[in-house]
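Below is one structure, written out as structure tokens, with a few remarks after it.
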Amino acid sequence: MAPVTLVIFDYSGTLSLESTLFARPNYLMKHLKESGLMKLGIESPETFWSEIVNPTWQKGSTTPVGYKKVIRDRISAILSRNMSIELSERISYAASFFVDSYLSHSRIDERWRPVLNKLQSHPSLKIIVATDHYAEATGYIIRFLHELQIQGREAKHAFAIPDYAGVVVACSADLGFHKADSRFWDILKTGLNLSGIRRVLFIDDFGYNEQKEDRYSAGEKVEQRKNETVKMLQKVFSSPVQLVPFMMGKDGSERVFGELITQTSEIIDSYVADSDY
Numbered sequence: 206m207a208p209v210t211l212v213i214f215d216y217s218g219t220l221s222l223e224s225t226l227f228a229r230p231n232y233l234m235k236h237l238k239e240s241g242l243m244k245l246g247i248e249s250p251e252t253f254w255s256e257i258v259n260p261t262w263q264k265g266s267t268t269p270v271g272y273k274k275v276i277r278d279r280i281s282a283i284l285s286r287n288m289s290i291e292l293s294e295r296i297s298y299a300a301s302f303f304v305d306s307y308l309s310h311s312r313i314d315e316r317w318r319p320v321l322n323k324l325q326s327h328p329s330l331k332i333i334v335a336t337d338h339y340a341e342a343t344g345y346i347i348r349f350l351h352e353l354q355i356q357g358r359e360a361k362h363a364f365a366i367p368d369y370a371g372v373v374v375a376c377s378a379d380l381g382f383h384k385a386d387s388r389f390w391d392i393l394k395t396g397l398n399l400s401g402i403r404r405v406l407f408i409d410d411f412g413y414n415e416q417k418e419d420r421y422s423a424g425e426k427v428e429q430r431k432n433e434t435v436k437m438l439q440k441v442f443s444s445p446v447q448l449v450p451f452m453m454g455k456d457g458s459e460r461v462f463g464e465l466i467t468q469t470s471e472i473i474d475s476y477v478a479d480s481d482y
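First residue of the sequence shown? That's 206 in the numbering used here, and the numbers climb one at a time after it.
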């Protein structure tokens, strides 16, 4: 049965609370120190955002270069002196340690398991986890899905399996474009043969749950991104789009996140039930 309903989940800040907790100042400071990045000049969360993430986000999240190389190259450029073999190795080790720690602490919240399990077994649905992220994130997300007994594949691998019914992991670094770019969705529509889609359900925080130091979470950008993405999805799929904003507010606690998962799961269940008629 060809899918007629598309359900799209964001990752960081939506499926994964851990990824946003990692970026909180106290926690981030701990990992900057443990990784060795602090001794290389990244001495505070503010420096991390302003000197590492924000200047390199476009390249890091739309190319296969990877987060580790982005950090290595950026620190090397900041130090701007002849690199000894020892210093180069220190930078590489620190970057790898930090990125592995970050992605290992970006698991899918287990409270999503019931609704994800229900969705993956529904023949008329296509489920996509769509994320603006670094290249290394794809493998981690698939692994975290498998830990919840949810089948997952990278988008380009799913393209080669016409009858693939599991969750598709679509990462901007793999596809070359961010979610707000119609080319991201055009690639998925063609590769997954989604021309028959008639309804779209979109669950996303649009960066709202990210740390304020991250330019991606700036309030005006969140609102603009939300409006433009919905309009663009309507155009790409020629279908109505129902948006479910997944926004925690100022609390950001485990309890609030869990309550939001419960509320959102109920909305999804109702939406899918309606689509069956």
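In this text, a Cβ means the ideal position worked out from N, Cα and C, and glycines have one as well.
Model, not experiment: these values are computed from the prediction.
Chain-order list of residues whose beta-carbon lies under 7 angstroms from that of residue i (same chain, five-residue window excluded)
| i | result |
| --- | --- |
| Ile296 | Leu245, Arg277, Ile280, Ser281 |
| Gln263 | none |
| Gly371 | Gln325, Gln356, Gly357, Arg358 |
| Ala363 | Tyr369, Val373, Leu397 |
| Tyr216 | Val334, Thr336, His338, Ile346 |
| Ser306 | His236, Ser240 |
| Gly265 | Tyr272, Val275, Tyr339 |
Check: residue i C-beta below 7 angstroms from any heavy atom of the ligand ATP
| i | result |
| --- | --- |
| Leu380 | With respect to small molecules bound, the structure shown includes none, and the ligand ATP cannot be examined in it. |
Inter-residue spacing [alpha-carbon to alpha-carbon] between residue i and residue j
| i | j | result |
| --- | --- | --- |
| Val446 | Val405 | 5 angstroms |
| Cys376 | Thr343 | 6 angstroms |
| Glu471 | Val212 | 14 angstroms |
| Lys431 | Leu438 | 11 angstroms |
| Ile347 | Met288 | 36 angstroms |
| Asn259 | Trp317 | 30 angstroms |
| Gly241 | Phe303 | 8 angstroms |
| Leu233 | Gly401 | 44 angstroms |
| Ser475 | Thr261 | 40 angstroms |
| Asn231 | Thr395 | 43 angstroms |
| Glu239 | Tyr298 | 11 angstroms |
| Ser293 | Pro450 | 43 angstroms |
| Ser311 | Glu459 | 14 angstroms |
| Leu222 | Asp314 | 7 angstroms |
| Gly218 | Leu226 | 9 angstroms |
| Ser285 | Glu291 | 15 angstroms |
| Thr469 | Asp479 | 15 angstroms |
| Ile494 | Leu220 | In the structure as shown, the chain starts at 206 and stops at 482, and residue 494 therefore has no counterpart that could be examined. |
| Leu465 | Asn414 | 12 angstroms |
| Met243 | Trp254 | 13 angstroms |
| Glu248 | Ser309 | 22 angstroms |
| Arg403 | Ile332 | 14 angstroms |
| Asp410 | Phe349 | 20 angstroms |
| Gln429 | Val270 | 28 angstroms |
Exposure of residue i, with buried meaning 16 or more beta-carbon neighbours within 10 Å
| i | result |
| --- | --- |
| Gly357 | buried |
| Ala365 | exposed |
| Glu251 | exposed |
| His236 | buried |
| Pro208 | buried |
| Ala443 | Looking at the sequence provided, one finds Ser at residue 443 rather than Ala. The residue in question, Ser443, is exposed, as its Cβ has fewer than 16 Cβ neighbours within 10 Å. |
Contact belief for residue i with residue j at Cβ below 8 angstroms, rounded distance in angstroms
| i | j | result |
| --- | --- | --- |
| Ser387 | Val435 | Actually they do not touch by this definition, with Cβ atoms about 12 angstroms apart. |
| Leu393 | Ala360 | 6 angstroms |
| Val477 | His327 | 6 angstroms |
| Gly210 | Leu330 | Checking the displayed sequence, the identity of residue 210 turns out to be Thr instead of Gly. So it is a contact: roughly 5 angstroms between Cβ atoms. |
Cβ neighbours of residue i in the same chain (closer than 6 angstroms, five flanking residues each side left out)
| i | result |
| --- | --- |
| Leu321 | Ile355 |
| Ala300 | Lys273, Ile276, Arg277 |
| Ala335 | Ile213, Ala375, Lys384 |
| Trp390 | Val441 |
| Gly463 | Arg316 |
| Ser224 | Ser217, Ser311 |
Residues near residue i by beta carbon distance below 8 angstroms, same chain, minus five either side
| i | result |
| --- | --- |
| Glu433 | Ala385 |
| Thr268 | Ala340, Ala378, Gly381 |
| Ile283 | Gly246, Glu256 |
| Leu353 | Ile313, Glu315, Trp317, Arg318, Leu321, Asn322 |
| Ile473 | Val212, Val320, Leu324, Leu406, Ile408, Val449 |
| Asp367 | Per the sequence shown, the amino acid found at residue 367 is Pro instead of Asp. Closer than 8 angstroms at the Cβ level, and outside the excluded window around Pro367, lie Asn398. |
(message) Please give me, in chain order, every unbroken run of the alpha helix (DSSP H) with length at least 4 that falls completely inside the segment 250–281.
(response) The segment 250–281 contains, as complete alpha helix (DSSP H) runs of 4+ residues, the segments 259–267 (chain order).
(request) Run through the segment 291–356 for me and flag every whole beta strand (DSSP E) of 3 or more residues, listed as ranges in chain order. (result) Taking only runs of at least 3 residues, the beta strand (DSSP E) segments lying wholly in the segment 291–356 are 330–336.
(request) Please go through the segment 401–481 and give each complete beta strand (DSSP E) segment of 3 or more residues, from N-terminal end onward. (result) Listed in chain order, the complete beta strand (DSSP E) runs (minimum 3 residues) inside the segment 401–481 are 404–409, 446–450.
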